[in-house]
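Visitor: To start, I am sharing the structure in question, which I have written as structure tokens.
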Amino acid sequence: TVEAFLVSVSHIPLLSVGFNCALGADLLKPYLQTLSQNTSFNVSAHPNAGLPNAFGEYDETPEEMQSQIRSYLDDNLINIIGGCCGTTPGHIKLIADIAKDYKPRVSEAVM
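FYI, in the UniProt record's numbering the residues of the sequence shown are 1 to 111.
This is how it looks when you write it as structure tokens:
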């Protein structure tokens, strides 16, 4: 669980905790919500461009991913954002275009 992960790393002076790969931005959001509500560490996310299709390709467009990541920013979930499998320079550009308009997450959690 997210909570067990936090317990296992909370004694280390980390720059951030977060999730990379495995899920698309939409499926990753509930885990980021739990993480951001339970840590004072910076939170990072590097989601895939969706889940792979039957051919191992990623179909989520840069615009779809941008919209999903905007919700991370609107909800103050993250400090660091990037992309993993299936993301292209086009995905990263659109993510950067919206991220520049937001301040990094400020933690309300008490460790």
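For each residue, glycine too, the CB sits at the ideal point set by N, CA and C.
Every value quoted in this text rests on a predicted model; they were computed, and no experiment measured them.
Once DSSP output is grouped into helix, strand and coil, what is the label at M111?
Guide: Low per-residue confidence applies at M111: pLDDT is 49, beneath 50, and the placement is therefore not dependable enough to give any value.
Visitor: Whole beta strand (DSSP E) runs in the UniProt domain "Hcy-binding" (1–99) with 3 or more residues, listed along the chain?
Guide: 16–24 and 42–48
Visitor: With three or more beta-carbon pairs closer than 8 angstroms as the criterion, would you say the region 89–102 touches the region 30–40?
Guide: no
Visitor: Contact defined as beta carbons within less than 8 angstroms: I believe A49 pairs with H11. What is the distance between those atoms, to the nearest angstrom?
Guide: 34 angstroms between Cβ atoms; not a contact.
Visitor: Suppose the cutoff is 8 angstroms on Cβ atoms and the five residues either side in sequence are ignored; what does the same chain contact list for K100 look like?
Guide: Once the five neighbours on either side are set aside, K100 has no close Cβ partner at all.
Visitor: On a CA-only basis, which of C85, S40 and N53 is nearest P13? Give me that one, please.
Guide: It is S40.
Visitor: Looking only at its own chain, which residues have a Cβ that is under 8 angstroms from the Cβ of F19, when we skip the five neighbours before and after it?
Guide: L28, Y31, L32, L35, S44, A45, H46 and P47
Visitor: Alpha carbon to alpha carbon, how far is T61 from T87? Give it in angstroms, no decimals.
Guide: 9 angstroms
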